[in-house]
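Add 205 to the 1-based position in the sequence shown for the working numbering, that's all there is to it.
Beta carbons are placed, not taken as given, at the ideal position from N, Cα and C, and that holds for glycine.
Keep in mind it's a predicted model, so treat the numbers as computed, not measured.
Only one structure is covered here, and it is reproduced in the block below.
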Amino acid sequence: MIGENAFTTDAIFNDNESDFVALAIKIFAFQRENNAIYRSFCQNRPIPYGLESIPFLPISFFKTHVVACTQGPFEKVFTSSGTTGMDVSRHYQADLSTYETAFLRGFELFYGAPHQYAILCLLPAYMEREGSSLIYMAERLVRESGQADSGFFLKSEGELVEMMMRREKTGQKSLVLGVSFALLDFAEQNPMPLAHTIIMETGGMKGRRREMTRMELHETLRKAFGVEAIHSEYGMTELLSQAYSTGEGRYRCPPWMRVLVRDEDDPLRVQTEGAGILCIADLANWNTCSFLETADVGRVFPDGSFEVLGRMDNSDIRGCSLLVV
206 MIGENAFTTD AIFNDNESDF VALAIKIFAF QRENNAIYRS FCQNRPIPYG LESIPFLPIS
266 FFKTHVVACT QGPFEKVFTS SGTTGMDVSR HYQADLSTYE TAFLRGFELF YGAPHQYAIL
326 CLLPAYMERE GSSLIYMAER LVRESGQADS GFFLKSEGEL VEMMMRREKT GQKSLVLGVS
386 FALLDFAEQN PMPLAHTIIM ETGGMKGRRR EMTRMELHET LRKAFGVEAI HSEYGMTELL
446 SQAYSTGEGR YRCPPWMRVL VRDEDDPLRV QTEGAGILCI ADLANWNTCS FLETADVGRV
506 FPDGSFEVLG RMDNSDIRGC SLLVV
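In structure tokens, the structure reads:
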């Protein structure tokens, strides 16, 4: 059975960076053999000798094909939100345990155990539809938090304000996870000084408000809440892993995820640092496709961290779209 292969949880979520490339090459070979779409994409390309030479599949294929290494049954199909008239991406999941391990271990790596926080979610655009991988992650984090204050706040901002102020007075830690336009609305209506609360934006204006740069967004939120930095989460429907920024829009990946850049003028020139189109190797995607070319333009730094500079021309705006910096 394909699901019962060598790509175990211990192998994928290994924090030994020296093992990353070797496992990535093995996963590439597995996906080329078992994923028909990826196999076609890789035709007439040489066998990779390193991470930079692995073919990165454009995420647009998730809108038009079933990108998977199995024929099903699928436990869940995650879908992007998109906008009216746009096709949506679909990410077919044969086993949700891999996704759960990815986002729980990733969160713990950057923020510690969820039970340290009340997880307070302002995600209206995602709560109003089915198939959001962000909502699935947030719901699990709320459960893992185990705190009575944790939850989703769609039309109960008054309750959220009261709760945040109460927790601030008692020195209890909170993490507000919100889509950009909802955080801006909340900040304008309810500015308050925060000393024990992390504000984390997930991107996404979706035409709800005037588009602004990430710098503008973070400065507005920072001033409204009196915090030193605004945190960010980088994720997408086509990935199972997330990168996090603790300020200034500079993201860092968990050990099982790496970001590279492709030359905008040369689709075969991929590098480990520099500016270009962001390509992501996410080993947690072993049963779909681990090597994806995004539609984001960015810069990767020598230490492996990265920033997002904008979107490629003529690319669709993702429901969880990131802001231009």
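- Between the region 421-434 and the region 457-466, the count of Cβ pairs shorter than 8 Å is below three; the stretches do not touch.
- The count of Cβ pairs closer than 8 Å, one atom from the region 498-508 and one from the region 297-308, stays below three, leaving the stretches out of contact.
- In chain order, 230, 233, 259, 260 place their CB closer than 8 Å to the CB of residue 253, counting only its own chain and leaving out the 5 sequence neighbours on each side.
- Counting along the chain, residue 311 sits inside no beta strand (DSSP E); it lies in the alpha helix (DSSP H) bounded by residues 301-316.
- Residue 246 holds the alpha-carbon nearest to the alpha-carbon of residue 272 among 246, 216, 390, 302.
- With contacts defined as CB atoms closer than 9 Å, residue 442 and residue 294 qualify as a contacting pair.
- By the Cβ-count criterion, residue 420 is exposed, with fewer than 16 other Cβ atoms from all chains shown falling within 10 Å of its own Cβ.
- Here residue 320 is exposed: its Cβ has fewer than 16 other Cβ atoms, across all protein chains shown, within 10 Å.
- For residue 343, the closest C-alpha among the options 477, 381, 374, 395 is that of 381.
- In this structure, residue 329 lies away from residue 366, with their beta-carbon atoms at least 9 Å apart.
- Going by beta carbons, residue 286 and residue 324 fall outside the 9 Å limit.
- Between the alpha carbons of residue 379 and residue 326 lies a gap of roughly 11 Å.
- For residue 354, the closest of 371, 333, 403 by C-alpha to C-alpha distance is 371.
- By the neighbour-count criterion, in which 16 or more other beta carbons inside 10 Å mark a residue as buried, residue 473 falls on the exposed side.
- In the same chain as residue 512, and ignoring 5 residues on each side of it, the C-beta atoms closer than 6 Å to its own belong to 454, 455, 503, 504, in chain order.
- Beta bridge pairing from DSSP links residue 486 with 463, 496.
- Within the same chain, and ignoring the five residues on either side of residue 469 in sequence, the residues whose Cβ sits closer than 7 Å to its Cβ are 481, 482.
- Contact between residue 391 and residue 362 holds: CB atoms are separated by about 6 Å, below the 8 Å threshold.
- Taking C-beta atoms under 8 Å as the contact rule, residue 501 and residue 446 fail to qualify, at a distance of about 15 Å.
- Restricting attention to alpha helix (DSSP H) runs no shorter than 4 residues, the region 244-273 encloses them at 266-269, ordered along the chain.
- The straight-line gap separating the alpha-carbon atoms of residue 438 and residue 262 is approximately 22 Å.
- The residue among 495, 458, 377 with its C-alpha nearest the C-alpha of residue 352 is 377.
- Annotation for residue 374: the continuous alpha helix (DSSP H) segment containing it runs 362-375.
- Excluding five sequence positions before and after residue 312, the CB atoms of its chain that fall closer than 7 Å to its own CB belong to 319, 346, given in chain order.
- Per the coordinates, the alpha-carbon of residue 228 lies some 26 Å from the alpha-carbon of residue 278.
- Excluding residues up to 5 positions away in sequence, 255, 256 lie with their Cβ nearer than 8 Å to the Cβ of residue 226 in the same chain.
- DSSP places residue 405 inside the beta strand (DSSP E), whose first and last residues are 402-406.
- Under the DSSP assignment, residue 423 falls in the alpha helix (DSSP H) whose first and last residues are 419-430.
- In the assembly as shown, residue 406 is a buried residue. Its beta-carbon has 16 or more other beta-carbons within 10 Å.
- A Cβ-Cβ distance of about 22 Å is found for the pair residue 243 and residue 458, leaving them out of contact under the 8 Å criterion.
- In the DSSP assignment, residue 514 falls within the unbroken beta strand (DSSP E) covering 511-516.
- Boundaries of the beta strand (DSSP E) harbouring residue 284: 281-284, taken from the DSSP string.
- Of the other Cβ atoms in all chains shown, fewer than 16 fall within 10 Å of the Cβ of residue 400; this residue is therefore exposed.
- In the same chain as residue 339, and ignoring 5 residues on each side of it, the C-beta atoms closer than 8 Å to its own belong to 328, 331, 407, 440, 525, in chain order.
- Looking at 281, 364, 315, 220, the one whose alpha-carbon comes closest to that of residue 302 is 281.
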